[in-house]
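*Asks:* One structure is given below, represented as structure tokens, and several questions about it will come after.
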Amino acid sequence: MPVLIGVVSLALAGGLLARDLYERAETDAAIGPVSLPTTTSLAPEQQPGSPLVKLTPDSARHPHDETVRRLLQAYFDGINGRNYDRWKTSVTTERVRAKTEQQWLRDYSSTQDGNILVRRIETGHDDTMRVLLSFTSTQAVRDAPVILPRRCIRWWLALPIALEQGHWKIDVVPPGTVPEMAAC
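Mapping of the sequence shown onto this note's numbering: residues 316 to 499, in sequence order.
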């Protein structure tokens, strides 16, 4: 009798595990994360690429994937549309205080961002997340970073996300943080 109970228990556990794996595969298919292309090069006239925020399969499995995607979409839509008020909805109060509307408009006066890909979402402690992403920006050379004065730049960075008054917001990047960048 104990052997029979053990066999039934193992069969039940195996069935539950298989069901969980199949359900997870169906959920991943419904989310529809992007497949990473073997090359991300676009012709110069096609840069910076699509302005839509996309998720890798890894980031699409995070419980806050859609919240992060919508948050970043608002952030980049604000920049691409030169809409400071839209941008403000996506960032913390501290970040808004750090950049006046005039500074913001000057900093992003010619910027267009695209090819935006959330590569990973990491949950932190104290209601925080860190989002690893890449994107391409085009801008007038005069508006490019001093260390990389180019019209087209590929960026790889980590953005801190914090819960502020019940809403997820992009927080201030810690001092000394230097994003990776390369000319397109």
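Note that beta-carbon positions come from the ideal geometry of N, C-alpha and C, so glycine has one too.
This one's a predicted model, so the numbers in the text were calculated from it and none came from an experiment.
Would you call Gly347 buried or exposed, if buried means 16 or more other Cβ atoms sit within 10 Å of its Cβ?
*Replies:* In the sequence shown, residue 347 corresponds to position 32, counting from 1. No answer about Gly347 holds up, because its pLDDT of 47 lies below 50 and its placement is not dependable.
*Asks:* Going by beta carbon distance, what residues of the same chain come within less than 6 angstroms of Thr438, once the five residues before and after it are set aside?
*Replies:* Sequence index remark: in the sequence shown, residue 438 carries index 123 (1-based). Closer than 6 angstroms at the Cβ level, and outside the excluded window around Thr438, lie Met444.
*Asks:* Nearest to Gly491 by CA position, among Leu472, Leu432, Cys499, is which residue?
*Replies:* Counting from one through the sequence shown, the residue named residue 491 turns up at place 176. Answer by Cα proximity: Leu472.
*Asks:* For Tyr423, which of Thr382, Ile394, Leu463 has the nearest alpha-carbon?
*Replies:* Along the sequence shown, one-based indexing puts residue 423 at 108. It is Ile394 whose Cα lies nearest to the Cα of Tyr423.
*Asks:* In the DSSP assignment, the alpha helix (DSSP H) including Gly393 goes from what residue to what residue?
*Replies:* In the sequence shown, the residue the question calls residue 393 occupies position 78. Residues 380-395.
*Asks:* If you compare alpha carbons, which of Ala459, Ser452, Arg384, Arg401 is closest to Arg434?
*Replies:* As a position in the sequence shown, residue 434 is number 119, starting the count at 1. Out of Ala459, Ser452, Arg384, Arg401, Arg384 has the C-alpha closest to the C-alpha of Arg434.
*Asks:* Which same chain residues, not among the five before or five after Gln399, have their C-beta less than 6 angstroms away from its C-beta?
*Replies:* Along the sequence shown, read from residue 1 onward, the residue named residue 399 stands at position 84. Position check: residue 399 holds Tyr in this sequence, whereas Gln was assumed. Closer than 6 angstroms at Cβ, skipping near neighbours: Glu416, Trp419.
*Asks:* Pick helix, strand or coil for Ala459, following the three-state DSSP scheme.
*Replies:* Translated into positions along the sequence shown, residue 459 becomes position 144. Correct three-state label for Ala459: coil.
*Asks:* Curious, which full-length alpha helix (DSSP H) runs of at least 4 residues does the region 465-493 contain?
*Replies:* Taking only runs of at least 4 residues, no alpha helix (DSSP H) segment lies wholly in the region 465-493.
*Asks:* For Thr426 and Pro378, I'd like the C-alpha separation in whole angstroms.
*Replies:* For the purposes of this step, residue 426 is taken as residue 111 along the sequence shown, with counting starting at 1. For the purposes of this step, residue 378 is taken as residue 63 along the sequence shown, with counting starting at 1. Between Thr426 and Pro378, the C-alpha separation is close to 31 angstroms.
*Asks:* Taking a contact to mean a Cβ-Cβ separation below 8 angstroms, would you say Ala413 touches Asp442 in this structure?
*Replies:* Stepping through the sequence shown from its first residue, residue 413 is reached at position 98. Stepping through the sequence shown from its first residue, residue 442 is reached at position 127. No.
*Asks:* On the three-state DSSP scale, how would you describe Val368?
*Replies:* Taking the first residue of the sequence shown as 1, we reach residue 368 at position 53. Here Val368 sits in coil by DSSP.
*Asks:* Grab the span of the alpha helix (DSSP H) containing Glu360 for me, first residue to last.
*Replies:* By 1-based counting over the sequence shown, the position of residue 360 is 45. Glu360 -> no alpha helix (DSSP H), and no H or E assigned at all.
*Asks:* Would you kindly report the start and end of the unbroken beta strand (DSSP E) that includes Thr451?
*Replies:* Along the sequence shown, one-based indexing puts residue 451 at 136. That run of the beta strand (DSSP E) goes 443-453.
*Asks:* Assuming contact is defined by CB atoms lying nearer than 8 angstroms, are Gly429 and Ser374 in contact in what I supplied?
*Replies:* For the purposes of this step, residue 429 is taken as residue 114 along the sequence shown, with counting starting at 1. For the purposes of this step, residue 374 is taken as residue 59 along the sequence shown, with counting starting at 1. Not in contact: Gly429 and Ser374 (Cβ atoms no closer than 8 angstroms).
*Asks:* Hey, out of Leu447, Tyr390, Thr407, whose CA is closest to Gly481's CA?
*Replies:* Start at 1 with the first residue of the sequence shown, and residue 481 comes out as number 166. Minimum Cα distance to Gly481 is reached at Thr407.
*Asks:* Whole angstroms are fine: how far does the CA of Ile462 sit from the CA of Leu387?
*Replies:* Within the sequence shown, numbered from 1, the residue matching residue 387 stands at position 72. Within the sequence shown, numbered from 1, the residue matching residue 462 stands at position 147. One C-alpha to the other measures close to 25 angstroms.
*Asks:* Cα separation between Glu341 and Asp380?
*Replies:* Translated into the one-based positions of the sequence shown, residue 341 becomes position 26. Translated into the one-based positions of the sequence shown, residue 380 becomes position 65. In this prediction, Glu341 scores a pLDDT of 41, lower than 50, which makes its location untrustworthy; the coordinate-derived value is nonetheless stated afterwards. The alpha-carbon atoms of Glu341 and Asp380 are separated by roughly 17 angstroms.
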